[in-house]
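Have a look at the structure below, then the notes.
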Amino acid sequence: MPLQNYTIRCYGKDCPLEAVYKIASRWSDGVTGELKTYSLCCGECLADHFHRSRAKQVACRLAAGETLGPPSIFLTRRGAHDYQLRRMTPLEGQSLVDARDSVTDAK
Ligand SMILES: [Zn+2]
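Letter by letter, the sequence shown follows residues 1225 to 1331 in my numbering.
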């Protein structure tokens, strides 16, 4: 499949690769909801970005009535709506192992 227009660049510092994954949490204020994006990144940067996204999510302050789910990894596609993105659940566990840090899982 030929790529047209532009490609989304990885958010990684100085990373020249194309972003393949989107790291986002489901946010809701009880009325409306959306995906809150933490990062768009390539496979190389995924574990690192996923790890940082989790730290940000934990540190995020919410107003009364707001909920913010844990970050998930989605396969991103140019022009796709959030609800069309495929969640890559197996990668989430793998990325946590790769990141190997002392942050404990909230669950
Ligand atoms: Zn990257």
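Where is the CB? At the ideal position from N, CA and C, for every residue including glycine.
- Query: With D1253 and G1289 assumed to form a contact (beta carbons below 8 Å), what rounded beta-carbon distance in angstroms separates them?
  - Reply: About 6 Å; that satisfies the 8 Å criterion.
- Task: Helix, strand or coil for G1303, going by three-state DSSP, please let me know.
- Result: Here G1303 sits in coil by DSSP.
- Message: In whole angstroms, give me the CA-to-CA distance for Y1262 and L1309.
- Response: Here the alpha carbon of Y1262 sits roughly 15 Å from the alpha carbon of L1309.
- Message: Please determine whether the Cβ atom of G1317 lies at a distance below 6 Å from any heavy atom of ligand 1.
- Response: At a cut-off of 6 Å, the beta-carbon of G1317 does not count as near ligand 1: no heavy atom of the ligand is closer than that.
- Query: Rounded to a whole number of angstroms, what is the C-alpha to C-alpha distance between A1283 and G1267?
  - Reply: Rounded to the nearest whole angstrom, the CA to CA distance from A1283 to G1267 is 25 Å.
- Unbroken beta strand (DSSP E) run spanning L1259, endpoints: Run containing L1259: G1257 to C1265, per the beta strand (DSSP E) assignment.
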